[in-house]
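Below: the structure, in structure tokens.
Protein chains: 2
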Amino acid sequence: MKKPATTQAPIHELIANRWSGRAYDAGKPVTQTQIISLLEAARWAPSCYGDQPWRFIVWNKNADAKAWQQALDCLVSGNQAWAKDAPVLVLVAADSLFGHNQQPNRWAQYDTGAAAENLCLQAEAIGLMAHQMGGFNPDLARETFNIPSQFTLMAFITVGHPADIATVTGEALTRETAARTRKPLAELFFTESWGKPIV
Amino acid sequence: MKKPATTQAPIHELIANRWSGRAYDAGKPVTQTQIISLLEAARWAPSCYGDQPWRFIVWNKNADAKAWQQALDCLVSGNQAWAKDAPVLVLVAADSLFGHNQQPNRWAQYDTGAAAENLCLQAEAIGLMAHQMGGFNPDLARETFNIPSQFTLMAFITVGHPADIATVTGEALTRETAARTRKPLAELFFTESWGKPIV
Numbered sequence: 116m117k118k119p120a121t122t123q124a125p126i127h128e129l130i131a132n133r134w135s136g137r138a139y140d141a142g143k144p145v146t147q148t149q150i151i152s153l154l155e156a157a158r159w160a161p162s163c164y165g166d167q168p169w170r171f172i173v174w175n176k177n178a179d180a181k182a183w184q185q186a187l188d189c190l191v192s193g194n195q196a197w198a199k200d201a202p203v204l205v206l207v208a209a210d211s212l213f214g215h216n217q218q219p220n221r222w223a224q225y226d227t228g229a230a231a232e233n234l235c236l237q238a239e240a241i242g243l244m245a246h247q248m249g250g251f252n253p254d255l256a257r258e259t260f261n262i263p264s265q266f267t268l269m270a271f272i273t274v275g276h277p278a279d280i281a282t283v284t285g286e287a288l289t290r291e292t293a294a295r296t297r298k299p300l301a302e303l304f305f306t307e308s309w310g311k312p313i314v
Numbered sequence: 116m117k118k119p120a121t122t123q124a125p126i127h128e129l130i131a132n133r134w135s136g137r138a139y140d141a142g143k144p145v146t147q148t149q150i151i152s153l154l155e156a157a158r159w160a161p162s163c164y165g166d167q168p169w170r171f172i173v174w175n176k177n178a179d180a181k182a183w184q185q186a187l188d189c190l191v192s193g194n195q196a197w198a199k200d201a202p203v204l205v206l207v208a209a210d211s212l213f214g215h216n217q218q219p220n221r222w223a224q225y226d227t228g229a230a231a232e233n234l235c236l237q238a239e240a241i242g243l244m245a246h247q248m249g250g251f252n253p254d255l256a257r258e259t260f261n262i263p264s265q266f267t268l269m270a271f272i273t274v275g276h277p278a279d280i281a282t283v284t285g286e287a288l289t290r291e292t293a294a295r296t297r298k299p300l301a302e303l304f305f306t307e308s309w310g311k312p313i314v
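Note that the protein sequences, when read in sequence, are chains S and G.
Residue numbering for the first sequence follows the numbering used here, beginning at 116 and increasing consecutively.
Residue numbering for the second sequence follows the numbering used here, beginning at 116 and increasing consecutively.
So this is what it looks like as structure tokens:
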């Protein structure tokens with residue numbers, strides 16, 4: 116289901132069409148090549164000093180259902196309710212220290228957000244749908260998967276094929292077909308000085 | 116100049132071709148429609164609770180050269196040396212507090228990184244080149260442009276038309292034509308548990 120962004124100037128269809136749906140087709144697996152394609156997109160994001168501070172763990176239900184279930188268990192219940200239909204789960208972490216000198220990297224989370232966005236856009240490019248979530252238990256994830264404290268856990272991402280909208284009903288249908296919205300340009304984007312709207 | 120990413124699985128050309136060059140065509144302005152297109156791409160990035168924590172200030176040399184110069188002065192000298200040829204400068208800030216409850220937003224920088232990446236990809240989509248920099252003086256930028264302390268200053272971005280590579284010489288040419296590199300997939304991307312390489 117396409118829900119392109121409404122914009123005052125044209126934007127690339129990849130960016131316009133990416134959106135965070137929740138209705139997945141549980142029966143349609145994601146291939147290993149598709150997973151590598153998603154990760155390559157993340158890999159080529161820019162980063163401060165070329166540090167590439169992002170780390171991703173990927174769980175593919177069709178490769179290791181037990182590990183995938185452990186990942187699903189880290190989500191808050193409201194997210195588990197729909198994420199259970201996504202065959203791929205991804206955990207995104209940011210290295211708090213620069214690799215070249217082990218000093219704090221104040222761009223680690225910023226750069227990691229860029230890498231995750233590239234993954235989501237690449238999903239759109241190959242007919243998949245990605246949805247990022249902040250609603251998970253970072254302590255449980257860290258303990259379950261033995262993640263060093265140096266890495267900040269930022270988000271889980273669901274990946275899978277979007278469900279055929281004709282098969283979606285009830286509340287899920289309402290949610291899935293709701294209009295996408297954003298704040299007006301003038302609230303977020305300024306020109307010349309702070310608070311002076313660009314349009 | 117195209118320098119597409121080398122990947123083990125195909126990725127969308129927009130993501131493959133985006134790169135952070137430094138050689139700009141100082142004589143070719145960026146239009147207001149192009150600027151709005153860049154900001155619309157940023158605007159439609161995803162964010163936690165839909166907070167849209169990013170704020171951007173845009174300086175267009177061809178609209179207000181004095182304000183643009185004030186922005187350029189915030190960069191470290193090594194960046195000023197080449198950023199002076201970029202007709203558009205952008206400052207990216209992250210709101211440290213959620214809009215709905217004024218509590219700390221731990222995803223603010225992560226989400227802001229996604230919005231900035233969308234801007235850079237949209238630049239590529241319309242034949243422009245964007246380059247993010249962490250090398251600037253945040254105290255000077257905050258004072259010059261009166262930016263509230265609630266907002267963390269993350270990056271400056273140069274935007275403009277790439278220079279015709281035939282006009283670039285010396286060290287700049289070496290830098291501009293150098294191969295793009297990234298760490299191997301196996302170092303950053305794991306499967307099932309921390310540290311287990313995906314490939």
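Note that the Cβ used here is the ideal one computed from N, Cα and C, for glycine as well.
Leaving aside the five residues that flank N194 of chain S on each side, the residues in its chain whose CB is nearer than 6 Å to its CB run, in chain order, M248 and G250.
The contact set of C189 of chain G on chain S, defined by CB atoms closer than 9 Å, is empty, because the minimum CB distance reaches about 13 Å. DSSP places N216 of chain G outside both helix and strand once states are collapsed to three, so it counts as coil. Residues of the stretch 251-267 of chain S with a C-beta less than 7 Å from any C-beta of chain G: F260, N261 and I262, listed in chain order.
Counting C-beta atoms within 10 angstroms of its own C-beta, T227 of chain S has 16 or more neighbours from the protein chains shown and is therefore classed as buried. Looking only at G:A160, G:Q237 and G:W134, the smallest Cα-Cα distance to L303 of chain S is reached by G:A160. The count of Cβ pairs closer than 8 Å, one atom from the stretch 163-178 of chain G and one from the stretch 144-154 of chain G, reaches three, so the stretches are in contact. For F260 of chain S, the enclosing alpha helix (DSSP H) begins and ends at P253 to F260. Contact annotation for S211 of chain S against chain G: no contact, minimum CB-CB distance about 12 Å [criterion: below 8 Å].
Within the same chain, D166 come within 6 Å of G214 of chain G by CB-CB distance, once the 5 residues on both sides are set aside. If you keep only unbroken beta strand (DSSP E) runs of at least 3 residues inside the stretch 264-302 of chain G, you get 266-275. Residue range W169 to N175 is occupied by the beta strand (DSSP E) that includes N175 of chain G.
Within the same chain, Cβ atoms closer than 8 Å to the Cβ of V314 of chain S are found at Q123, L300, A301 and F304, the five residues on either side in sequence being excluded. Each residue's CA atom was taken as its position, placing E232 of chain S and A157 of chain S some 8 Å apart.
A Cβ-Cβ separation of about 7 Å places A120 of chain S in contact with R295 of chain S under the 8 Å criterion. Here the alpha carbon of A180 of chain S sits roughly 55 Å from the alpha carbon of A141 of chain G. A160 of chain G: not part of any beta strand (DSSP E); DSSP gives it neither H nor E. Going by DSSP, D226 of chain S is part of the alpha helix (DSSP H) stretching over A223 to A240. When secondary structure is reduced to three states using DSSP, L243 of chain S falls in the coil class, being assigned neither helix nor strand.
Residue nearest to L212 of chain S within the set S:K298, S:R170, S:Q237 and S:L255 is S:R170 (criterion: CA-CA distance).
If you draw a 10 Å sphere on the C-beta of T267 of chain S, you find 16 or more other C-beta atoms in it, and that means buried. Scanning chain G for C-beta atoms nearer than 7 Å to the C-beta of A240 of chain S yields H127, reported in chain order. In summary, N216 of chain S is exposed, with fewer than 16 beta-carbon neighbours lying within 10 Å of its beta-carbon over all protein chains present.
I280 of chain G counts as exposed, since fewer than 16 other C-beta atoms from the protein chains shown sit within 10 angstroms of its C-beta.
Within the same chain, Cβ atoms closer than 7 Å to the Cβ of Q224 of chain S are found at A209, T267 and M269, the five residues on either side in sequence being excluded. T306 of chain G sits in a strand when the DSSP states are folded into three classes. Separation of P253 of chain G and Y164 of chain G (C-alpha to C-alpha, rounded to the nearest whole angstrom) is 27 Å.
For I280 of chain G, the nearest beta carbon of chain S is not closer than 8 Å to its own beta carbon.
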